[in-house]
Amino acid sequence: MFQLWTFIVVGLTAGGAYALAAIGVVTVYRGSGVLNFGHGAIGMAGTYVFWELYHDGAATHGLRALARWPVGFAMAAGVAAGAVLGLLVYLLVMYPLRNASELARVIATLGVLLIIQNAALMMYSSETVVIPRFLGRGSFRVFGAPLRYDSAIVLGVVIVLAIALTLLFRKTRLGLSATALQSRPVAAAALGISPHPAGIITWTLGGSLAAAAGILVVPSIGLSPTQLTLLINYALAASLVGRFRNYGVAVGAALLMGIAESVMILYDVAPWIRLTTPFVVIVVALAVGGTAVPGRGFAEIRLPQVGTGRLRPAPVAVGLGAAIFLGLGLTGGWSVSVANAAIAALVSLAVVIVTGYAGQISLATYALMGIGAMLGAHAAGSWDLGYPMTIVLGTLAGGAAGWLMGLPAIRVRGIDLTVATLVFGIVIANTVFVSPTFIGNNGFNGIIVPDPSLFGLDVDPSAHPGRFTVLCLAALLLVGIGTANLRRSVAGRRLLAVRASERGAAALGISVGGVKVAAFALGGAVAGLAGSLTVFHSRTITLTDFDVFKSIFALAFTIVSGVGFVAGALYAGLISAGGPVAHLFRDLSAKIDLILAVASGLLVVQIMIQDPDGMIPMLRRQLKPVTDRARRLVPRTAGMRKAAARSEPGPVALREPAPTPEPAPTPEPAPVPESVLAPTARPDEPLLRVDGLGLRYGPVRAVDNVSLDVRPGEVVGVIGPNGAGKTSLIDTVTGFARRTGGSVHLGGADVSGWSIRRRARAGLGRTFQDLQLFSDLTVRENLLAAQDSRATAAYLSGWVRPGSDRLGGAAAQAVALLGLQEWLDSEIRVLPQGTRQLVAVARALAARPRVLCLDEPGAGLDEAEREAMSRAVRLVVQRLHLGVLLIEHNLDIVAGLCDRVVVLDFGAVVADGPPAEVLASDVVRRAYLGTGECHRKREHRLWMAGCTDDDRDGTHLTHDRTRRTGSVGRVRLGARRLRAEPPRRRRRGGGDAGQERGREDDDPDGHRRLPETRHGHRRHRRCRRRRCSPPPYAPPGRAGPRGPQRLPRADHRAEPQGGPRRAGRGPAGLPRSGGRLNVRAGSLSGGEQQMLSLARAMCRLPRVLLLDELSFGLAPVMCDRLFSGIRQFAADHGIAVAVVEQHLHYAAMVADRVVVMHQGRLALELPSSELLGRRGEIEQLYLGGPDLSGA
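First residue of the sequence shown? That's 1 in the UniProt record's numbering, and the numbers climb one at a time after it.
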């Protein structure tokens, strides 16, 4: 027992170093939201600085010493070097990428890793140097076990840092600002929070901690560029357990990893088990604690653009011809370089499938490639099956290993899954690739294989390099065409649906876990094929080259090239190590590979800053004007014109699209029969029955003993105040939330224990408040994803036959009813909000549900769109006899569409009956409708003159309208002009007292872009620049912070410029906020998040407040109270308010003056008292009428 305790204490030494590195990783992530893969490289650089200066370095271990400093000064210099390097990474890389996606910033850190590690390899050798202990050589006893002084120092530093940093991020203004920036950078910038203090401090501190960890651990692991860089693996694993937020958990996990390694040494556990057990335990724990589908607060990672997958024969033929010419027409190693490029391109195609199509970031692609090489080598050598079976078994082995690696993805996602794949690569490298059980008795000497021949033809690269090159190019051509076909197939739409929205895909009956596992299996098969081709290269196959670093570099190169495009994979192969580019510069230096690696790292950083989508999409955008002009000059046949018309993007405005050169119109869907899907239930039996349903979030009863039923052909409305539990009810019914009581029956079957996928396939469909559309797909592809079959064979057949993209059945009928024909080939990201709502309804109908749950389908729609949506739902209900459960705050929709209305309040049913009776009930009117009074005060100081961006045309806003100034625009706050730059660069300004402006218009006319231009989220195309600050901006929709953010307390207000903090109502004056101050914002209802967004802006006590679609998703009683409260708040504090609003009633309630926008221009301006009286003129604008600017 004493011996065990001794080894536990000894394990604290390595665990302390892991903990110190993990603290640095967590600090950088919490401060900037970046998973820094260059953390270990920064620590390595600081460690080399220390050892260069330490006085024992040169004499003992052959390193040149620039000075002979005492250990304390040398350690201080090494830590300072790490801090400076971290600061430089922030200033030169992370700051330019502050508005980029999380993936782009992560890939940029891989570029930093490439630069630092390969620069160190050029200066030092890759061999590991043994370093003696230099800090506290003595020891003392802890309960009888010896603990060295250096270990005690490390543990003390770790504990102090963990406590101090926890307090920093939880209690200080800097920490809260850093958390806000990491969670919602745009919303934090709208509040005037600058990223600089948090970024500078966290990256500087993270770099110093990385260097300190490297210095302290180097006596244990030795000094080498690669060994120290691998320290990041342990730090990432420990940080993963703490979810990159909790210092205590991360430190505890790191200490346990060190103790586990030490104890297993005591019991003589095999090295490969000792090195992999902690990682395996971590991944298993994550999978057990994960969820099959993310919750409402989960934010999908924004990934690079995806190509269409359409094959272009001319570029394919040109590229293939060039490759054949280099491989067969030139000598001197060009053939081998082309073969190497083809193999690297196959690896990149595996990355395209997993990351580009499915959105899962994998760092173990080379591990899968190594498994394919290992099985292929055994097939050719040990088992004497021949080289054809080498390719077959290698491909199958890679696919099986990919399937195994994808299993955690069923319950783990995002950055956690990225680290899990890194762990998988480490485990494979430390077990399979070094164990005699797998690689044979030759051990590290490799697997012996015979001379390669294929169907009697010698394909030895040393004897016949041209033949081997043709083999690799043929494999690349087939897999490339198959990957492009996969993008356009049923399976490809599934992959992209899961990439864009796991919740939206699950609601359509798509197996989210199955899709992700299939993506890893397909990518693994392609990587295994690439590995099997490497068997032809040498007669002795070693597996130590398939390390995790190569996987990281393959991912970085593919993303830089264009991870969503097959052409991006080909470009990545071209610039890979050993490819044609490297071969071209082979004679310049003996270290040309390292020089090119450093240059590649610089390229990675540059491309991520310039265009995170990658080289191929960037080149396409730059060449598009040239290609468009060439197409106009070349005569085209009717078939070519039709294909071009199909590829044109859809219009950007709903009523009056911008004129184009008369493209061929998209054909309307063919008529469909009235009964596409006939439910099995009889009219007198309910399709959906909910009995005593309950849902609890901790002590809160979100759904409290709710019972209702929906019959065929019936529309049941569910209304209630915000936070009443309406969305939670639909989540529980459809399986997105786990019930705590009651039951759900669908068509007589108890589905209470069914999964989301099974319920959806049984006919239980839904929409979402935040839509959950697949933004990477067009409208047509969104509908196809809903109507596609769910057969597993599609993952194989899609490689050969992409299938038809014709809409049929319920999808075609939904398009016709909702008037979406002109938008079918438009991407979701270019659609106005109202059209997106209609697409969400159409997609739900395309899945042919028996019961359809609609969650606020009228939010953000204008009157014409609301009528179209209501008419479509009613017609579908009548024709298909399905049941509808409708959540809606717009009472016109409820009264005109619903057969029965259920009222919820605090999760319980308070009324149930026909709409006329329920809406007339005094109890319902008091709880739900409410009343409100407005108070007016007429002053203002905000004006805009001729302000433009790419979507605006000389907009003017002022008390006395100024003259238009063409394309030159300016925004003035008080007496100062606002600079056309991101909002965080401006200091807070002020505004005039109490004046409020409303704007009524449809979204395509640019009302949402106008406050974004005024605030700085959009740049003016031209304007004069003077430094000033923007007004706080409350964006539309669910703008509350995600994740662990909490409702701000009333005292969390910034001091106004030029004076002490003023008292304000803040969130305490908002409805229902009193009991929610300590509730996590991500768990709030949609309406509560909308109110939180307003409260957050009000807490700043601005001079000018911009409100965008405040009524979006709010109950009438909340709207009345909020708009009345805003008027009072503005009057009390002398604040000018500009409101963008769809509803005439609320615009008239809150505003002094109203302007109506039409296609980016102010078409009408009038006092709010005249607004309702001129309703007819405004409706003309809503419905696409003439410009009334002269009225």
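Where a beta carbon is used, it is the ideal one built from N, C-alpha and C, also for glycine.
My guess is that residue i and residue j are in contact by the Cβ rule of under 8 Å, so how many angstroms apart are they, rounded?
| i | j | result |
| --- | --- | --- |
| Arg-766 | Cys-898 | Wrong, their Cβ atoms sit about 17 Å apart, outside the cutoff. |
| Ile-1135 | Leu-1106 | In fact, because the Cβ distance is near 11 Å, the residues do not count as touching under 8 Å. |
| Val-690 | Val-744 | 6 Å |
| Gly-15 | Gly-248 | Incorrect: roughly 14 Å between the Cβ atoms, too far for contact. |
| Phe-549 | Val-423 | Contact doesn't hold; Cβ gap of about 15 Å is too wide. |
| Trp-5 | Phe-143 | 7 Å |
| Gly-46 | Gly-82 | 3 Å |
| Ala-519 | Val-512 | Wrong, their Cβ atoms sit about 11 Å apart, outside the cutoff. |
For residue i, which of the options has the nearest alpha-carbon?
| i | options | result |
| --- | --- | --- |
| Leu-1162 | Ser-1169, Val-1140 and Ile-273 | Val-1140 |
| residue 1229 | Val-354, Ile-371 and Ser-435 | Residue 1229 lies beyond the range of the chain shown here (1 to 1191); nothing can be said about it. |
| Ala-100 | Val-733, Gln-610 and Ala-760 | Gln-610 |
| Ser-1111 | Phe-1123, Gly-834, Leu-1105 and Val-598 | Phe-1123 |
| Ser-728 | Ala-76, Arg-701 and Ser-1093 | Arg-701 |
| Gly-295 | Glu-502, Gly-725 and Ala-108 | Glu-502 |
| residue 1218 | Leu-91, Trp-51, Leu-1171 and Ala-491 | Any property of residue 1218 remains undetermined from this structure, which presents the chain solely from 1 to 1191. |
| residue 1224 | Asp-458, Val-281, Gly-692 and Leu-885 | This structure leaves residue 1224 out entirely; the chain is present only between 1 and 1191. |
| Pro-225 | Val-79, Tyr-95, Val-263 and Gly-38 | Gly-38 |
| Ala-250 | Phe-520, Ala-22 and Gly-1125 | Ala-22 |
| Val-581 | Trp-334, Gly-72 and Arg-843 | Trp-334 |
| Gly-803 | Ala-1097, Val-293, Ala-810 and Glu-781 | Glu-781 |
| Leu-255 | Ser-921, Leu-12 and Arg-758 | Leu-12 |
| Asn-722 | Met-1149, Leu-165, Glu-1088 and Arg-1103 | Glu-1088 |
| Trp-51 | Phe-134, Ala-1148 and Pro-699 | Phe-134 |
| Ser-435 | Ala-785, Ser-826, Pro-271 and Gln-606 | Pro-271 |
| Met-1149 | Cys-1119, Glu-1109, Asp-416 and Ile-201 | Cys-1119 |
When you compare only the Cα positions, how much space is there between residue i and residue j?
| i | j | result |
| --- | --- | --- |
| Arg-173 | Val-910 | 43 Å |
| Val-130 | Gln-1090 | 59 Å |
| Ser-600 | Ala-344 | 15 Å |
| Leu-871 | Leu-771 | Checking the sequence, you will find Arg at residue 871 rather than Leu. Using only the alpha carbons, I get a separation of about 20 Å. |
| Ile-361 | Thr-418 | 5 Å |
| Leu-486 | Ala-791 | 15 Å |
| Ala-17 | Leu-191 | 38 Å |
| Thr-109 | Val-93 | 8 Å |
| Val-517 | Ala-364 | 14 Å |
| Ile-265 | Ile-221 | 15 Å |
| Asp-587 | Phe-325 | 22 Å |
| Ala-104 | Leu-688 | 45 Å |
| Ala-590 | Thr-534 | 24 Å |
With DSSP run on the structure shown, which of helix, strand or coil describes residue i?
| i | result |
| --- | --- |
| Gly-334 | Checking the sequence, you will find Trp at residue 334 rather than Gly. Three-state DSSP puts Trp-334 in a helix. |
| Pro-225 | helix |
| Thr-6 | helix |
| Asn-340 | helix |
| Pro-315 | helix |
| Ala-737 | coil |
| Tyr-247 | helix |
Ordered along the chain, which non-local residues of its own chain (more than five positions away) have a Cβ less than 7 Å from that of residue i?
| i | result |
| --- | --- |
| Val-412 | Leu-286, Ala-287, Gly-290 and Ala-420 |
| Ala-1063 | Low local confidence applies: a pLDDT of 35 at Ala-1063 is under 50, so the model's placement there is unreliable, and no value is given. |
| Trp-799 | Gly-482, Asn-485 and Leu-486 |
| Val-526 | Leu-346, Leu-349, Ala-350, Ile-353 and Val-479 |
| Ala-630 | none |
Closer than 8 Å by C-beta to residue i: which residues in its own chain qualify, once you throw out the five before and the five after it? Chain order, please.
| i | result |
| --- | --- |
| Arg-874 | Val-715 and Leu-897 |
| Val-598 | Leu-114, Ile-115, Asn-118, Ala-119 and Met-122 |
Grab me the residues of residue i's own chain with a C-beta within less than 6 Å of its C-beta, minus the 5 sequence neighbours each way, in chain order.
| i | result |
| --- | --- |
| Ile-428 | Ala-367 |
| Gly-381 | Ile-447, Ile-448 and Val-449 |
| Val-106 | Leu-35 |
| Leu-121 | Pro-225 and Leu-594 |
| Leu-223 | Val-129 and Ile-131 |
| Arg-494 | Ile-510 and Val-515 |
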